[in-house]
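Undergrad: For the sequence shown, position 348 (counting from the first letter as 1) is numbered 348 according to the UniProt record's numbering, and the numbering increases by one without interruption. Below are the structure tokens for one structure; questions will follow.
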Amino acid sequence: MSKGQLNGRLLRWSLAEIRHGKLWPVALALVLIIACVFALTALATRMEQVVVKQGKDALTADTVLVSGNPIPEQTWERVKALPVTTSLLTRFGTMAFSADDKMQLVTVKAVDSAYPLRGEMRLEGTNGQIVHHVKPGELWLDERLFALLDVQVGQHLSIGDADFTITGRIGEEPGLSFNPFQQMPAVLIHQDDVAKTAAVQMGSRVQYRLFVNGSDSDIAKLKQQVTLTPSDRWRDQSSTSRTSDVFERTQQYLSLAVAIVVIMAATTLVLTCQHYVASRQQTIAMLKSLGASRGWIVRWLAIQTLVLYGTAAILGSLVGVVLEIMLRIPLTDLLPDPLPSYGFAPLGFALLTSLLIAIPALGIPFDRLLMIRPAQVMNESSEKGRKRAWWLVLLPLAVLVYMYQGNTLIWFVLIGIVVLFVLLGITGLLIIKLTNYLPLSPTVKLAISRLQRSGAASTLQFGALSLSLMLLAVMWLVRTDLLTDWQQTLPPDAPNAFAINIAPYEKESYLQTLDAAKVERSPAYPISRGRLTLINGQNAKERANGQEGEDALGRELNFTWGENLPDYNPIVAGVWQAQGAVSVEEDLARDLGIKIGDELTFVINSETFTAKVNTIRHVEWRQMKPNFYFIFSPDVMASVPATWLVSFRLSDKDNPLLVTLSRQHPTVSLIDIRSMGAKIEKLLQQIVWSMTVLAGLGVIAGVLLIFTLLRLSLSQRQQEIQLYRTLGASRKRVIRTIWAEFGLLALVAGWVACIGADAVVGAIMMYGFDMQPKLHIMLWIVLPIATFAILAVVVSSLLRRLLIPLNKAFS
1 MSKGQLNGRL
11 LRWSLAEIRH
21 GKLWPVALAL
31 VLIIACVFAL
41 TALATRMEQV
51 VVKQGKDALT
61 ADTVLVSGNP
71 IPEQTWERVK
81 ALPVTTSLLT
91 RFGTMAFSAD
101 DKMQLVTVKA
111 VDSAYPLRGE
121 MRLEGTNGQI
131 VHHVKPGELW
141 LDERLFALLD
151 VQVGQHLSIG
161 DADFTITGRI
171 GEEPGLSFNP
181 FQQMPAVLIH
191 QDDVAKTAAV
201 QMGSRVQYRL
211 FVNGSDSDIA
221 KLKQQVTLTP
231 SDRWRDQSST
241 SRTSDVFERT
251 QQYLSLAVAI
261 VVIMAATTLV
271 LTCQHYVASR
281 QQTIAMLKSL
291 GASRGWIVRW
301 LAIQTLVLYG
311 TAAILGSLVG
321 VVLEIMLRIP
331 LTDLLPDPLP
341 SYGFAPLGFA
351 LLTSLLIAIP
361 ALGIPFDRLL
371 MIRPAQVMNE
381 SSEKGRKRAW
391 WLVLLPLAVL
401 VYMYQGNTLI
411 WFVLIGIVVL
421 FVLLGITGLL
431 IIKLTNYLPL
441 SPTVKLAISR
451 LQRSGAASTL
461 QFGALSLSLM
471 LLAVMWLVRT
481 DLLTDWQQTL
491 PPDAPNAFAI
501 NIAPYEKESY
511 LQTLDAAKVE
521 RSPAYPISRG
531 RLTLINGQNA
541 KERANGQEGE
551 DALGRELNFT
561 WGENLPDYNP
571 IVAGVWQAQG
581 AVSVEEDLAR
591 DLGIKIGDEL
601 TFVINSETFT
611 AKVNTIRHVE
621 WRQMKPNFYF
631 IFSPDVMASV
641 PATWLVSFRL
651 SDKDNPLLVT
661 LSRQHPTVSL
671 IDIRSMGAKI
681 EKLLQQIVWS
691 MTVLAGLGVI
701 AGVLLIFTLL
711 RLSLSQRQQE
721 IQLYRTLGAS
731 RKRVIRTIWA
741 EFGLLALVAG
751 WVACIGADAV
761 VGAIMMYGFD
771 MQPKLHIMLW
781 IVLPIATFAI
791 LAVVVSSLLR
801 RLLIPLNKAF
811 S
């Protein structure tokens, strides 16, 4: 027989083995790995691009240089030497005067014609015309200024020394940054018109922002070349706002979801391969006894493997493409058009992942098959494989180290899973052993006896099933806890309007107007601006160790005082007593090394004040509520002049109230942030959808893998169950024993998985996402029930074939 004919016969035999033998679970596991990893990675790649884009849109550029001084000529030369796009914004406060001498303090934003580099700006001109950039000579007003100054489009308005004709309204500005203390009504002019306003003088409070778009390498080079002064700082996606952690945590979750799906699929593949080898030991022994050489058997196994992997690669890729498309259907309105391409990277990653998992999963048990002796045709005792085959495990581990060497969250999960696999299996078996001491029916005792007889196999079974259930629960619970935390970014009762600069003489009148309209409002807070200078007599700047500390010390802060602390600022250390005291925000206290009992020195309006720290508060900055780094007791600030601030929540029916407040109190800056809240809400909805879809895909993969695990476990009982039937065991008794055994397996594995899931999720939230862990009570009910439901489907599908007696099975 020629070599080609031999290979042809081996190929046909291999195909028959795959179709009719025990290799179909291996094929299913490989298809599942490739499809799930491809779909998940492709969707994660697209969603990551969307999330990164949203973060940069919130910043309005890839990076921003923020400075209190004009951008130096040297910096401009560095910028012009690189292939980057730039835009400049100059921001300052000045007075606006209408033709009939009405006036209002405004924030002037002078931009060039390229602004914004990212995001969208909508400017509404006459006849409903929409434009997106400012031209020289134009003046665009915040909607509030039309009521405050009683002006219309086309009328004249003076900004500083310059006279403008009002061009239109500011419909929507890019970005999501928000600070109620800096948001006076805004006007937009062109950068070329700044000089003629004569509003920027020596000592003026001006902020310059240089927006830069470019590649990561070019931006990194620019940052290295530019020397920053104390008033300069770079802002990028990671520091754009208090909501930046949403983007970072979303990306972490995407990586975690991919890793968990791969782990679940790999566990199933290993078990299916082990089962296949166990079922083919007799076949290999028989072939060797009939004269088959080692080379012939290697070629037979290699052809099976290549056919198996090639088929799985094609089917898995096709299923993955379809799955990714189906998963995008709920996100159609939220994803950008056109969609960012994911390229060939997800397919390559899926094929590489499955190959790296398959090499040790198939290689190690196949090596054991090759060591089987011909004499084993009469003896079913297994033969240990050579120890040298275990080096194959190092291959996927080496790639894993290379890919995730800097991702501590992934390593935390992986190392924890290895430990938990053993602990979960042993715990499950111990629980089964403890049931021996309970008064149980004979059927249940027989089921327990069956689980205990195969101790090692049952431990592996419990470990695999519990681990799969636990990972499935971990993926969903992390998603749920993250989304619950992010709801605090925009809670239902969050204020959407702020009134600042309320003079003491008009405070009561202003509050009475709000109360008469039955508007939900916060207490009124006195506001004064100052700086922290000394901590226990030491220069505060010398103790700055972190972004929060450096940011707070680099500018004047808004201080407030009162007899009580805000109820939405929980105290984490100390006891509040309103006497010579100051309460400090938690992160700032950590960055500056401030502790209870420290004496802090502040400068306000050139006067020096001291106070002792008696409490440290947790401040949720993402909530749109009045929040402060420092809150003083009233006696410390008794001589400090102040204006007042109040926040409140408006609905559409309250629009006339805004006009009334603006006219009755023209010097009060009224800030309506409803449009900004809508932008943040839309962004969060998009992230929620993406994470829900990713978690849903993980759940689908987990359920399919658990389904496969249970089918394999049940198939391993086939010969024993058929022997019971041949020896005369009744159908009813066998059925009861099967349900009792797998019911116990589902119940115990489900509860053990709940213990592991709560522990793992708590650790991930605490150390991976810097959040407080919590107990998930519903998990302890839902997970065992869901496991038993999957088990019921599997048992029902195989029960008829399992109950065939041996004499009929072989007839």
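Think of the CB as a built atom: it goes at the ideal place given N, C-alpha and C, for glycine as much as any other residue.
1) Under 8 angstroms by Cβ, that's how I've got L592 and I535 pegged, so tell me the actual separation to the nearest angstrom.
2) State the Cα-Cα distance for the pair G125 and A497, rounded to the nearest angstrom.
3) Once DSSP output is grouped into helix, strand and coil, what is the label at N605?
4) With a threshold of 16 other CB atoms inside 10 Å of the CB of I764, please say whether the residue is buried or exposed.
5) Where do the ends of the alpha helix (DSSP H) carrying D591 lie?
6) By the three-class DSSP mapping on this structure, what secondary structure does V582 have?
7) Distance, Cα to Cα, F648 vs G743?
8) From the DSSP output, in three-state form, read off T610 for me.
9) Rounded to the nearest angstrom, what separates A473 and D62 at their Cα positions?
10) Following the continuous beta strand (DSSP E) through W234, name the residue where it begins and the one where it ends.
11) Of all the options G171, H190, C754, which has the alpha carbon lying nearest to the alpha carbon of A114?
12) Starting from the Cα of L105, find the closest Cα among A99, V111, M95 and give me that residue.
13) Count the C-beta pairs between the stretch 631 to 646 and the stretch 551 to 564 that are closer than 8 angstroms, then say yes if the count reaches three, no if not.
14) Assuming Q664 and T513 form a contact by the criterion Cβ under 8 angstroms, report the distance between their Cβ atoms to the nearest whole angstrom.
15) In whole angstroms, give me the CA-to-CA distance for S382 and H776.
16) Considering E124, what are the terminal residues of the beta strand (DSSP E) in which it resides?
17) By the DSSP assignment, the alpha helix (DSSP H) with L514 in it spans what residues?
18) Here's the rule: buried if 16 or more other CB atoms are within 10 angstroms of the residue's CB, otherwise exposed. What is A285?
19) Using the Cα positions of P666 and G580, report the straight-line distance between them to the nearest angstrom.
20) May I ask which residues mark the beginning and end of the beta strand (DSSP E) holding R543?
21) Pick from C754, Y568, I781, P136: whose alpha carbon is nearest that of Q623?
22) When the Cα atoms are used, what is the spatial distance from L370 to V270?
23) Using the Cα positions of V399 and I781, report the straight-line distance between them to the nearest angstrom.
24) Would Y629 and L588 be called neighbours here (beta carbons separated by less than 8 angstroms)?
25) Give the straight-line distance between the Cα atoms of V26 and G363, rounded to the nearest whole angstrom.
26) Please state whether DSSP places K135 in a helix, a strand or coil.
27) Looking only at C-alpha atoms, which of E172, A220, L40 sits nearest to L65?
28) Confirm, please, whether the CB-CB distance from M470 to A266 is below 8 angstroms.
29) Since A162 sits in a beta bridge, which residues does DSSP pair it with?
30) What distance in whole Å lies between the Cβ atoms of D481 and V761, which are believed to be in contact at a cut-off of 8 angstroms?
31) Return yes when the Cβ of P523 is within less than 8 angstroms of the Cβ of K625, no when it is not.
32) Would you give the residue range spanned by the beta strand (DSSP E) that R531 belongs to?
33) Taking its Cβ as the centre, do 16 or more other Cβ atoms sit within 10 Å of Q152, making it buried, or is it exposed?
34) Look up W561 in the DSSP assignment and give the residues it is bridged to.
35) Quick one: using the 10 Å Cβ neighbour count with 16 as the cut-off for buried, is M766 buried or exposed?
36) Where does the unbroken beta strand (DSSP E) through A573 begin, and where does it stop?
TA: Taking the geometry as given:
1) 6 angstroms
2) Cα to Cα, G125 sits roughly 26 angstroms from A497.
3) Residue state, collapsed to three classes: coil.
4) buried
5) 586 to 592
6) strand
7) 56 angstroms
8) When DSSP states are grouped into helix, strand and coil, T610 belongs to the strand group.
9) 36 angstroms
10) 232 to 235
11) Comparing Cα-Cα distances from A114 to each of G171, H190, C754, the minimum goes to H190.
12) M95
13) Output reads yes: the stretch 551 to 564 touches the stretch 631 to 646.
14) Sure, about 7 angstroms apart at Cβ, within 8 angstroms.
15) Low confidence applies to S382: its pLDDT is 46, below 50, so where it sits in the model is not reliable, and the reading given next is rough at best. About 44 angstroms.
16) 122 to 124
17) 507 to 516
18) buried
19) When rounded, the distance between both Cα atoms is 36 angstroms.
20) Looking at the DSSP string, R543 is not in any beta strand (DSSP E), and its letter there is neither H nor E.
21) Y568
22) Each residue's Cα considered, the two are about 18 angstroms apart.
23) 38 angstroms
24) yes
25) 13 angstroms
26) coil
27) A220
28) no
29) I159
30) With a Cβ gap of about 7 angstroms, V761 and D481 count as contacting.
31) No, these two residues do not count as a Cβ contact at 8 angstroms.
32) Taken as a continuous stretch (DSSP letters only), the beta strand (DSSP E) holding R531 covers 525 to 535.
33) exposed
34) According to DSSP, which records beta bridges pairwise, W561 is partnered with F632.
35) exposed
36) 571 to 574
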